[in-house]
Amino acid sequence: MLFSKVGAIMWILLAVMSGFVNIINKLINVKIKSIYGIVKGSILNYFEGAVISLLISILLTKSINNLDVVNEIPKGYLTGGFFGIIPMVMFMIGMPGKSILFSTTIILAGQLVCGLIVDFLLEGNLSVFKIIGIIFIMIGVSIDRDK
Amino acid sequence: MKLPKYCYLVGIYGVILTVLGSICVSKIGATITMAASILGQYICSSIVDHFGFFGNMKRCFTITKIRTYILICVGIYLCVIF
């Protein structure tokens, strides 16, 4: 169904690319943690991210007045940063010394099931094929776990 | 020990990740985004493991890993066609 649209393939490729960025991001975080520690590493990460986001927003909107929109966003959405820092810190603590493949695969089940729940909440229907697809992915990942 | 210069780009990666994640979820749904992202993570992890980038220990890519890639691709295909 989605393959009828060339655009969908582009979005899938972009999602694959985000996986690449995700791993590089995590590896760099581990390196920063090993030199600066968890707190300084997190501060560097999020401070830089906030400054870059702000600069992009200003450049794209051409006006800083549009940042007033922050006041209109439901307050619950502003907790995103808090939920973002939890996996990062947990990853920094748990990852050193382990295989990257091992530490990556261990969080995949949660991500996939969460994706399924989000899709269910947004679209209102639960596709059996998606569940089978997830099972396939999990089988693929689990047979490759570090011995 | 001095931090390598590329480490200071860590914020940019975070921003790219957030932007790509939110756009892709709105366009193709959370499950496919996650599944495709897993494929990307897997490929990237294998490359890093094989070549020992970022000071990690080298773990050679074995031919048996290909079955994992096939299963992940089949899973993504099933998610995409519904």
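Chains as they are written, first to last, in this note's numbering: chain A, 600 to 746; chain B, -12 to 69. Quick reminder that beta carbons are idealized off the backbone N, C-alpha and C, glycines included.
What first and last residue would you give for the alpha helix (DSSP H) that runs through Arg46(B)? Neither: Arg46(B) is in no alpha helix (DSSP H) and is coded neither H nor E.
Just the Cα atoms here: how many angstroms apart are Thr51(B) and Tyr635(A)? 38 Å
Which residue comes first and which comes last in the alpha helix (DSSP H) that contains Asp36(B)? 17 to 38
Just the chain B side, please: which residues come within less than 7 Å of Glu671(A) by C-beta, in chain order? Within chain B, no residue comes near Glu671(A); the closest Cβ sits about 18 Å away, beyond 7 Å.
DSSP three-state label for Leu(-10)(B), please. coil
Taking the continuous alpha helix (DSSP H) assigned at Phe728(A), which residues delimit it? 727 to 741
Quick check: is any heavy atom of the ligand FMN less than 7 Å from the C-beta of Val740(A)? The model depicted lacks the ligand FMN and carries no ligand whatsoever.
C-beta neighbour in chain A for Lys45(B), strict 8 Å: no
Under 7 Å Cβ to Cβ from Ile15(B), same chain only, skipping five residues before and after it: list those, please. none
Do we get a CB-CB distance below 8 Å when we pair Met69(B) with the residues of chain A? The identity of residue 69(B) in the sequence shown is Phe, whereas the question assumes Met. With 8 Å as the cut-off, Phe69(B) counts as an interface residue toward chain A.
Between Gly739(A) and Leu(-10)(B), how many whole angstroms is the CB-CB distance? I'm expecting something under 8 Å. Going by Cβ atoms, the distance from Gly739(A) to Leu(-10)(B) rounds to 36 Å, so no, they are not a contact pair.
Cα-Cα separation, Gly723(A) to Ser633(A): 44 Å
Within 10 Å of its beta-carbon, does Ser32(B) have 16 or more other beta-carbons around it, so buried, or fewer, so exposed? buried
Do Ile25(B) and Gly618(A) have their beta-carbon atoms positioned less than 8 Å apart in this structure? yes
Taking contact to mean 3 or more Cβ pairs, one atom from each stretch, closer than 8 Å, check whether the segment 674 to 689 of chain A and the segment 636 to 652 of chain A are in contact. yes
Using a Cβ-Cβ distance cut-off of 8 Å, determine whether Phe41(B) contacts chain A. yes
Quick check on the DSSP output: the alpha helix (DSSP H) that includes Lys674(A) runs from which residue to which? Here Lys674(A) belongs to no alpha helix (DSSP H), and DSSP marks it neither H nor E.
With 8 Å as the threshold, decide whether the Cβ of Lys(-8)(B) is near any Cβ in chain A. no
Quick one: list the residues of chain B neighbouring Val615(A), beta-carbon separation under 8 Å, in chain order. Ala23, Ser24, Leu26, Gly27, Ile30
Can you tell me whether Asn670(A) is buried or exposed, with buried defined as 16 or more other CB within 10 angstroms of its CB? exposed
For Leu4(B), which option in Asn621(A), Leu612(A), Gly680(A) has the closest C-alpha, if you only look at C-alpha atoms? Asn621(A)
Find the residues of chain B that neighbour Val740(A), judging by a C-beta separation of less than 9 Å, and give them in chain order. Ile25, Tyr29, Thr55, Leu58, Ile59
Collapsed DSSP secondary structure at Ser698(A) in the structure displayed: coil
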